[in-house]
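**Student:** My questions will all concern the structure given below.
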Amino acid sequence: MSERADRFTVVLDANVLATGLGRNMLLSLAEAGLFRPRWTADILDETEGAIRKIIKDPEKAKTQRQRIDEAFPEACINGHEIFVDGLKLKDPDDRHVVAAAIRTRAAIIVTENLKDFDPEVLEALDIQCLSLDDFVADLIDLAGPEAIEALRVMRKRFKNPETTAEALIRRIEAKGYVQTASLLERFASLL
């Protein structure tokens with residue numbers, strides 16, 4: 001765990017938790033103490049549903065959700081529901097995500113659905129919305145060696161198949177996380 005006293009709170013949307021590589025990067029960086037992840041039961045329900053669609057296996061999707069819950073038991077919050085009705089967003093189905101950010105005083109929401117989160121609403125609430133690529137690249141830029149070490153530890157956990165630093169960077173790039181891949185190329189010898 002990082003000795004960083006200024007860790008900030010981040011709400012992770014279901015779409016960034018649903019993909020294996022994205023989930024691994026985010027949770028590895030959180031495990032290193034670089035930020036406090038938060039979500040709700042609704043977000044985890046959506047995550048489990050999305051994983052089920054991706055891997056076509058309900059039991060494995062349920063297992064992935066349980067692993068997320070067990071790894072970060074403090075991350076699942078409640079009490080956000082009181083804020084939902086007062087929020088006006090382009091997509092009303094995303095109000096619970098913003099409500100979670102309000103409830104936890106999160107600085108950032110990480111999502112791939114940036115267009116659904118009205119900038120004016122978030123600005124008034126002092127909440128920033130970032131894509132996974134922007135967020136991870138910012139963390140690498142801010143935390144430097146701590147972030148690289150967290151991603152190195154993650155890479156070392158990949159056993160089937162084992163993954164070299166170069167292969168991980170190419171995989172990250174292929175998933176569309178171009179900024180992250182570009183930054184990691186500069187630190188490949190440490191990854």
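For the sequence shown, position 178 (counting from the first letter as 1) is numbered 178 according to my numbering, and the numbering increases by one without interruption. Every residue gets a Cβ at the ideal spot worked out from N, C-alpha and C, and that includes glycine.
Three Cβ pairs or more, each shorter than 8 Å: is that satisfied between the region 56 to 66 and the region 174 to 189?
**Tutor:** They do not touch, by the three-pair rule.
**Student:** Going by other Cβ atoms of all chains shown within 10 Å of its Cβ, with 16 needed for buried, is I82 buried or exposed?
**Tutor:** I82 comes out exposed.
**Student:** Kindly list the residues whose CB is nearer than 6 Å to the CB of F117, restricted to its own chain and excluding five residues on each side of it in sequence; keep chain order.
**Tutor:** Result list for F117: C129, in chain order.
**Student:** To the nearest angstrom, how far is it from the Cα of V11 to the Cα of M154?
**Tutor:** Cα-Cα distance, rounded: 21 Å.
**Student:** Under 9 Å between the Cβ atoms of A147 and R38?
**Tutor:** No; because the gap between Cβ atoms is not below 9 Å, this pair is not in contact.
**Student:** If you measure between the beta carbons of A99 and C76, is that distance less than 9 Å?
**Tutor:** Not a contact, by the Cβ cut-off of 9 Å.
**Student:** Within its chain, find whatever has a CB closer than 6 Å to the CB of F8; leave out the 5 residues flanking it on each side and keep chain order.
**Tutor:** Closer than 6 Å at the Cβ level, and outside the excluded window around F8, lie F35 and A107.
**Student:** Going by beta carbon distance, what residues of the same chain come within less than 8 Å of E112, once the five residues before and after it are set aside?
**Tutor:** Counting only Cβ-Cβ distances below 8 Å, and skipping sequence neighbours, we find D13, N15, V16, S131 and L132.
**Student:** Considering only C-alpha positions, which residue in the set K175, E46, V110 and T19 is nearest to D93?
**Tutor:** When each option's Cα is compared against that of D93, the closest is E46.
**Student:** Find the nearest neighbour of R23 within the set D85, G86 and V110, judged by alpha-carbon distance.
**Tutor:** For R23, the nearest C-alpha among the options comes from V110.
**Student:** Once you ignore the five residues that flank V84 on each side, which residues in its own chain have a CB closer than 8 Å to its CB?
**Tutor:** If we look at V84 and ignore the five residues flanking it on each side, its Cβ neighbours are R95, H96 and A99.
**Student:** Going by DSSP, what residues sit across from R171 in a beta bridge?
**Tutor:** BP columns for R171 are empty, so no partner.
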